[in-house]
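Chemist: Residue numbers (my numbering): 45 to 226.
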């Protein structure tokens with residue numbers, strides 16, 4: 045009787061542990077699949093986003109009407125934000141004081157990286173030959189991605205460290221934010 049009881053307990057115990065291992069394996073496979081999707085997404089954003097940024101940034105600084113070009117390559121919200129930041133405390137009817145700017149935009153953007161009083165993408169008023177030297181994917185999802193970029197002015201030997209967030213807009217991209225670190 046004791047031997048018969050052992051015959052039932054041993055297979056039941058093995059079955060229990062086998063099922064536990066299978067559950068852990070399925071859980072691991074699900075996590076691996078999610079990571080694979082994220083890696084694929086990241087690769088897509090890195091390749092397409094960086095390519096778009098390089099072409100767009102370099103073209104922007106060769107364009108005659110850079111204001112119209114800026115409007116075309118940015119979201120409406122970011123465009124308004126950057127125009128406000130550029131014009132803070134200027135003697136214009138539409139310009140804001142620094143306090144008004146902070147109050148208006150502080151909840152939507154990290155205003156300490158706005159580039160107050162400076163132009164779009166670079167802080168230099170004069171520039172020569174602008175290139176996007178480096179572009180590193182930081183993070184993203186299906187609708188937006190953030191890149192750490194180095195914009196270089198080869199003629200004036202100046203580099204601008206930026207963190208640029210892109211959003212998908214139908215079949216192209218738009219700049220939704222630029223954090224200016226220098």
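Cβ atoms here follow ideal geometry from the backbone N, Cα and C, with glycine treated the same way.
With a 10 Å radius around its C-beta and 16 neighbouring C-beta atoms as the bar for buried, classify residue 128 as buried or exposed.
Modeler: As a position in the chain shown, residue 128 is number 84, starting the count at 1. Label assigned to residue 128: buried.
Chemist: Would the beta-carbon of residue 166 fall within 8 Å of that of residue 204?
Modeler: Within the chain shown, residue 166 is the residue found at index 122, counting from 1. Within the chain shown, residue 204 is the residue found at index 160, counting from 1. Cβ distance < 8 Å, so residue 166 and residue 204 count as in contact.
Chemist: Relative to the C-alpha of residue 222, which candidate in 139, 117 and 110 has its C-alpha closest?
Modeler: For the purposes of this step, residue 222 is taken as the residue at position 178 of the chain shown. Nearest C-alpha to residue 222: 117.
Chemist: Give the secondary structure of residue 104 by DSSP, where H, G and I count as helix, E and B as strand, and everything else as coil.
Modeler: The residue labelled residue 104 in the question sits at position 60 within the chain shown. In the structure shown, residue 104 sits in a helix (DSSP, three-state: H, G or I).
Chemist: Do you know how far the Cα of residue 186 is from the Cα of residue 130?
Modeler: As a working mapping, residue 130 is identified with position 86 in the chain shown. As a working mapping, residue 186 is identified with position 142 in the chain shown. Rounded to the nearest angstrom, the two C-alpha atoms are 31 Å apart.
Chemist: Find the nearest neighbour of residue 148 within the set 200, 202, 124 and 96, judged by alpha-carbon distance.
Modeler: As a position in the chain shown, residue 148 is number 104, starting the count at 1. For the residues 200, 202, 124 and 96, the minimum Cα distance to residue 148 belongs to 124.
Chemist: How long is the line joining the alpha carbons of residue 212 and residue 140, rounded to whole angstroms?
Modeler: Stepping through the chain shown from its first residue, residue 212 is reached at position 168. Stepping through the chain shown from its first residue, residue 140 is reached at position 96. Computed Cα separation, rounded: 30 Å.
Chemist: Just reading off the alpha helix (DSSP H) that residue 127 is part of, what are its end residues?
Modeler: Along the chain shown, read from residue 1 onward, the residue named residue 127 stands at position 83. 120-130 is the extent of the alpha helix (DSSP H) around residue 127.
Chemist: Considering only C-alpha positions, which residue in the set 172, 153, 171 and 201 is nearest to residue 207?
Modeler: Looking up residue 207 in the chain shown gives position 163. Ranking 172, 153, 171 and 201 by Cα distance to residue 207 puts 153 first.
Chemist: Near residue 158, which residues of its chain fall below 8 Å by C-beta distance, leaving aside the five closest residues on each side in sequence?
Modeler: For the purposes of this step, residue 158 is taken as residue 114 along the chain shown, with counting starting at 1. Around residue 158: 125, 126, 129, 145, 149 and 224.
Chemist: Buried or exposed for residue 179, please, with buried defined as at least 16 other CB atoms from any protein chain shown within 10 angstroms of its CB.
Modeler: Taking the first residue of the chain shown as 1, we reach residue 179 at position 135. Burial call: buried.
Chemist: Is DSSP giving residue 94 helix, strand or coil here?
Modeler: For the purposes of this step, residue 94 is identified with residue 50 of the chain shown, where counting begins at 1. Three-state DSSP puts residue 94 in a helix.
Chemist: Hey, quick one: how far does the alpha helix (DSSP H) through residue 158 stretch, first residue to last?
Modeler: Along the chain shown, one-based indexing puts residue 158 at 114. Counting along the chain, residue 158 falls outside any alpha helix (DSSP H), and DSSP gives it neither H nor E.
Chemist: Do residue 176 and residue 193 have their CB atoms nearer than 8 Å?
Modeler: Reading the chain shown from its first residue, position 132 is the one you call residue 176. Reading the chain shown from its first residue, position 149 is the one you call residue 193. Against a cut-off of 8 Å, the Cβ pair of residue 193 and residue 176 comes out as a contact.
Chemist: Hey, how far is the Cα of residue 219 from the Cα of residue 168?
Modeler: On the chain shown, position 175 is the one that residue 219 refers to. On the chain shown, position 124 is the one that residue 168 refers to. Cα to Cα, residue 219 sits roughly 20 Å from residue 168.
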